[in-house]
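A.B. asks: Numbering (this note's numbering), first residue to last: 550 to 723. Would you mind keeping the following structure in view while I ask a few things?
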C-alpha cells in the first residue's frame, strides 16, 4: 500500500526470511527498492527529501530511534514501538528524551493492542510520529550538550561544576 501512494519506497530488512518474502511479493514493483541490510549500518541519503516508516524490533528501539533521528535527514518518521518505550521518549528526566526533543516533536498517532500482531507480544504497541523541527542545539555544541545531559541525568554534578558553582546554582534555583 505504501508503494501505491509514494513515488519511491526503499525497504531495509535484515531478516532473510522476511527479505525473501518481500522480494518475491514486490519483484514487479518498480517503485520499491529492497535492501538486505541492518538498519543500524545503513547510510541515509542527505540530498533528497524522504520520510521513514518502520515497525522496529523492540529490543533495538533506542539504537534505531537514535540512528533515524540523529543520522538521517527525514522530515517525518513513523515508527511502531512498544508503548513503554514511547513514554520514555517523552520523559525529560531521561537522557534519550532530552536529546530527542532538541530535534523532533513526538506524538502518538495510534494505540495498537498486542492482538494486532503475530506472534502476539506481551506488551501493547503504539504508532508514533516524530516530526523534525529546527534544532535547539547548534551542531558545534552538540557533543558538549550530550555530555552535559548525560552527566546531569546521571547526577554526576561534580564532573560539571565545582562544589562552589553547584552550591551557588542551587541557591539561585530555590
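Cβ atoms here follow ideal geometry from the backbone N, Cα and C, with glycine treated the same way.
1) Closest to residue 593 by C-alpha separation, out of 553, 618, 650, would be which residue?
2) Is the closest heavy atom of the ligand NAP to the C-beta of residue 613 under 7 Å?
3) In whole angstroms, give me the CA-to-CA distance for residue 685 and residue 569.
4) Quick check: residue 695 and residue 654, are their CB atoms within less than 8 Å of each other?
5) Tell me the DSSP secondary structure of residue 695 in three-state form.
6) Determine the burial state of residue 638: buried for a count of at least 16 other Cβ atoms within 10 Å of its Cβ, exposed for fewer.
7) Under the three-state reduction of DSSP, which class applies to residue 617: helix, strand or coil?
8) Which residues does DSSP pair with residue 604 in a beta bridge?
9) Taking all protein chains shown into account, do 16 or more other C-beta atoms lie within 10 angstroms of the C-beta of residue 577, making it buried, or fewer, making it exposed?
10) Under a three-way DSSP split, which group does residue 676 fall into?
11) Just tell me which of 607, 566, 559, 717 has its CA closest to the CA of residue 670.
12) Quick one: does residue 678 have its CB under 8 Å from some CB of chain C?
13) Comparing C-alpha positions only, which one of 604, 620, 572, 574 sits nearest to residue 688?
C.D. replies: Answer, in terms of the structure:
1) 618
2) With respect to the ligand NAP, the structure offers nothing, as it holds no ligand at all.
3) 42 Å
4) no
5) helix
6) buried
7) helix
8) 629
9) exposed
10) strand
11) 607
12) Note that chain C does not occur in the displayed structure, where there is just one protein chain.
13) 620
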